[in-house]
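If you're matching positions, the sequence shown starts at 1246 in my numbering and goes up one per residue.
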Amino acid sequence: MATKLFDSAIVGTTEQALDFIGNILESSTEYSVIGKDLTGKILLWNEGARRLYGYEPEEVVGKANSSILHIPEDVQAGKPEEIMATALRDGKWEGTLSRRRKNNSRFTARVVITPRRDSTDKAIGFLLMSKDVSAEIRLTEELKATQFYARSLIEASLDPLVTISPEGKITDVNAASVQVTGIEREQLIGRDFSDYFTEPEKAREGYQRVFAEGFVTDYPLTIRHKDGRLTDVLYNASVYKDDRGEVLGVFAAARDVSAQKQASQYARSLIEASLDPLVTISPEGKITDVNEGSIKVTGVSREKLIGTDFSDYFTEPKKAREGYQRVFAEGFVTDYPLTIRHKADRLTDVLYNASVYKNDRGEVLGVFAAARDVSAQKKAEAEVAEQRSRELDRLAELERFQKLTVGRELKMIELKKEIAELHKLVPEGQAV
């Protein structure tokens, strides 16, 4: 076997040692091992070299390396003579070189070149160990491209994005996270995630919940900028894993809801400023929100009102149910009369004006209803009606008295006429 691998120039007196080394080199299939002299003539060609380059030992041993491998200088990391000179000077050269197989296909090899020396330490040639790393390079390039693509996606997001280790340390952030905290990426990485919130304990509980349950949605937190500015956010987060399914950390995205919260607070202020009871009702007839006016008129707290049937708080539940169902069917109602029952049994007469409200896609979400208290108005109307009734009774009584008085006067007139007529019939001076 050794005779296939070695030229007679390197066979010395220690045949057994050379055979032993030859067998080791012959058995190596993972690495190509090539031995050559200082002129570049190939002296050794192992099984790994045969598989890698496609040449049999007898085709290459004794021939010049460059005439076999056809390596163009324009794809070399350096000229062959410069590489060999470096190996002689430094004791080793290591790098990647473009190689060509017998079938002319090209590949990239990781090559280690070491000088071969005789017993006097004189350089007599080189030993080249190489391995095809084309797939590794391609995989590395693909990985870099994937990482660059992922990084581009992350940085393109206007939302603060962050990755968190199982220990709660920040492992990566995007530019939006830098902007919302006012702290550079290098300073954020390695710090506790919870350090940048107004409620650190709540932030800690949030990412721990992700590790326990796999995700969280719309988790509310407030980020504190280094200059004291606050940003209200909703976090959506999930764990990310390696190819073996082992959890590596948490990926969290924060949506800035400061403007939304401000608008909500403004709307809430408008609602609470109303003295009229206001309520929102789901398509199932459940109360979804109320204002202070509704709490006062029912005597029930907001927390207890929400989720209960709207119709439960009226003297005529069926009529109340028909009212909001009519809103869903027709889009609105105006001056719909109902009577609210306070938990202390006080009654309040109201007129409801209600309409549906929709999302940005035009889908009906529920009913918004405002109740105008008309108890005082109804009381006043009742008092007016009662006063009018009394006045009508008085008028009738006067009319009856008038009729009676007029009747008597008419009778007196008639009586006077009769007396006058009698006087005419009796002669003058004669007593009647």
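Idealized CB from N, CA, C, for every residue including glycine.
For THR1525, the enclosing beta strand (DSSP E) starts and ends at 1523 to 1526. DSSP, reduced to helix, strand and coil, places LEU1610 within a strand of the structure shown. Beyond the five residues adjoining it in sequence on each side, SER1556 comes within less than 7 Å, by CB distance, of GLY1530, PRO1562, ALA1565, ARG1566 in the same chain, given in chain order. In the DSSP assignment, VAL1407 falls within the beta strand (DSSP E) that extends over 1406 to 1409. By the Cβ-count criterion, ARG1469 is buried, with 16 or more other Cβ atoms from all chains shown falling within 10 Å of its own Cβ. Apart from the 5 residues on each side of it in sequence, ARG1362 sits with its Cβ closer than 8 Å to the Cβ of ALA1368, ILE1369 in its chain, given in chain order. THR1416 places its beta carbon 8 Å or farther from that of SER1422. By a beta-carbon distance limit of 8 Å, ARG1500 contacts LEU1479. Their separation comes to about 5 Å.
If you look at GLY1340, you'll find it isn't in any alpha helix (DSSP H); it sits in the beta strand (DSSP E) that goes 1338 to 1345. Annotation: ASN1481 to GLY1490 spans about 21 Å, alpha carbon to alpha carbon. The C-alpha of SER1397 lies about 41 Å from the C-alpha of ARG1296. Counting of Cβ neighbours within 10 angstroms places MET1374 among the buried residues, the total reaching 16 or more. In this structure ASP1377 does not touch GLY1413 by the C-beta definition: roughly 43 Å separates them, more than the 8 Å allowed.
The C-beta of PRO1360 has 16 or more other C-beta atoms within 10 Å across all chains shown, which makes the residue buried. Counting only runs of at least 4 residues, the stretch 1385 to 1467 fully encloses the following alpha helix (DSSP H) elements, listed from N- to C-terminal order: 1420 to 1426, 1430 to 1433, 1445 to 1458. Residue state for VAL1502 is assigned as coil, using DSSP reduced to three classes. Secondary structure remark: continuous beta strand (DSSP E) runs of at least 3 residues inside the stretch 1272 to 1311, in chain order: 1277 to 1282, 1287 to 1290. With a beta-carbon spacing of about 15 Å, ILE1516 and VAL1612 fall beyond the 8 Å limit used to define contacts.
Checking the DSSP bridge columns, you'll see ASN1604 has no partner listed.
In this structure, the straight-line span from the alpha carbon of VAL1572 to that of VAL1461 is close to 36 Å. By the criterion of a C-beta distance shorter than 8 Å, ASP1404 is surrounded in its chain by ALA1421, ALA1498, ALA1499, ARG1500, ASP1501, once the five residues flanking it on both sides are discounted.
With a cutoff of 8 Å on beta-carbon distance, ASP1472 and ARG1617 are scored as not near each other. Take the alpha-carbon of VAL1407 and the one of ASN1536: they are about 38 Å apart. For the 8 Å CB-CB criterion, THR1365 and ARG1355 do not form a contact. Apart from the 5 residues on each side of it in sequence, ARG1586 sits with its Cβ closer than 7 Å to the Cβ of TYR1558, PHE1559, THR1560, LEU1592 in its chain, given in chain order.
DSSP, reduced to helix, strand and coil, places ILE1551 outside both helices and strands of the structure shown, so it counts as coil. For the pair LYS1347 and GLY1285, the CB atoms are not nearer than the 8 Å cut-off. Within the DSSP bridge table, the entry for ILE1382 names no partner. A straight line joining the alpha-carbon of ARG1606 with that of GLN1453 spans about 36 Å. If you draw a straight line from the Cα of ILE1658 to the Cα of PHE1646, it comes to about 18 Å.
Secondary structure of ALA1615 (DSSP, three-state): strand. Beta-bridge partners of ALA1482 (DSSP): VAL1461, ALA1497.
About 6 Å separates the beta carbon of LEU1583 from that of VAL1595, a gap short enough to meet the 8 Å contact definition. When secondary structure is reduced to three states using DSSP, SER1375 falls in the strand class.
Following the DSSP letters along the chain, one finds ALA1574 inside the alpha helix (DSSP H) bounded by residues 1562 to 1575. Within its own chain, the residues whose Cβ lies closer than 8 Å to the Cβ of THR1467, once the five positions on either side in sequence are excluded, are PHE1442, THR1443, GLU1444, LEU1475, THR1476, ASP1477, VAL1478, listed in chain order.
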